[in-house]
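At position 26 of the sequence shown the residue is numbered 341 (this note's numbering), and the sequence of numbers has no breaks.
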Amino acid sequence: MKKHPDIEKVLLSSAQIRKGVEKLAGRISRDYRGKKLILACILKGGVVFLADLIRRLDVPCAIDFMSVASYGGGTTSSGRVRLIMDLRESPEGKDVLLVEDILDTGLTIEFLLENMKTRNARSVKVCALLEKPENRKVNVKPDYAAFRIPNEFVVGYGLDFAERYRNLPYIGILKKSVVDRSL
Ligand code: PRP
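See the structure below:
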């Protein structure tokens, strides 16, 4: 696929993402054999990753969705996280895997892990396609992550800037001029 004109550089091609997701799915399938896995996808960014991940798992799994907001329309975290939509099923007694597109400051996952503490899940772990270790503000780590990326604003494969670019099949760094134009 041709690079979108607003993209400075493709960081991860769709082939690289496919391989990374396949590897993660292999690990998750091994670790969750015999467990009661629920993949709790964090909307909206996690949805493309979830869709690819579940098709590579060979263990029984349920899916559910949660929605939180942390960023507003900009490229940096506002530091505020709030729950917008909760899981439909109770995670009590289940092995919950939170599925995120990116773990950046860690504030969203910290909020979700805290929230999960009250729900009597059998286990709660974090699976993120991407992690940006340089930008972490709180002490949380993904249990599963496919790629470590530099501290750049990335879009595509579910990740957006002001709701755009989620449909790109690769992950790319957005041109600074595009960000500046919309400020
Ligand atoms: C993004 C992303 C993660 C979160 C990660 O969501 O999908 O949920 O930010 O950042 P953090 O580690 O700094 O908290 P966003 O709020 O942009 O919503 P969206 O997924 O609906 O685009």
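Cβ atoms here follow ideal geometry from the backbone N, Cα and C, with glycine treated the same way. Predicted, not measured: the structure shown is a model, and the values here were computed from it.
Taking a contact to require three or more Cβ pairs closer than 8 angstroms, the stretch 462-471 and the stretch 336-344 do not qualify as touching.
Rounded to the nearest whole angstrom, the C-alpha separation of K324 and I488 is 5 angstroms.
V396 is not a Cβ neighbour of A355, given a cutoff of 7 angstroms. Three or more beta-carbon pairs drawn from the stretch 436-454 and the stretch 416-425 are found closer than 8 angstroms, and the two stretches are therefore classed as touching. Beta-bridge annotation (DSSP): V325 is paired with G487. Across the set Y485, V362 and D495, the C-alpha of Y485 shows the shortest separation from the C-alpha of A330.
D495 carries a helical assignment under DSSP once its states are collapsed to helix, strand and coil. Here K351 has K409 and D410 as same chain residues with Cβ atoms under 6 angstroms from its own Cβ, once five neighbours each way along the sequence are excluded.
In the three-state scheme derived from DSSP, where H, G and I count as helix and E and B as strand, F380 is classed as strand. Taking all protein chains in view, the Cβ of M400 is surrounded by fewer than 16 other Cβ atoms within 10 Å, so the residue is classified as exposed. Taking 8 angstroms as the upper bound for CB-CB distance, L365 and M381 are not in contact here, some 12 angstroms apart. A443 places its beta carbon 7 angstroms or farther from that of P406. Bounds of the beta strand (DSSP E) holding M400 are R397 to M400. Shown here for G361: same chain residues with a beta carbon closer than 6 angstroms to its own, the five before and five after excluded, namely V414, E415 and D416 in chain order.
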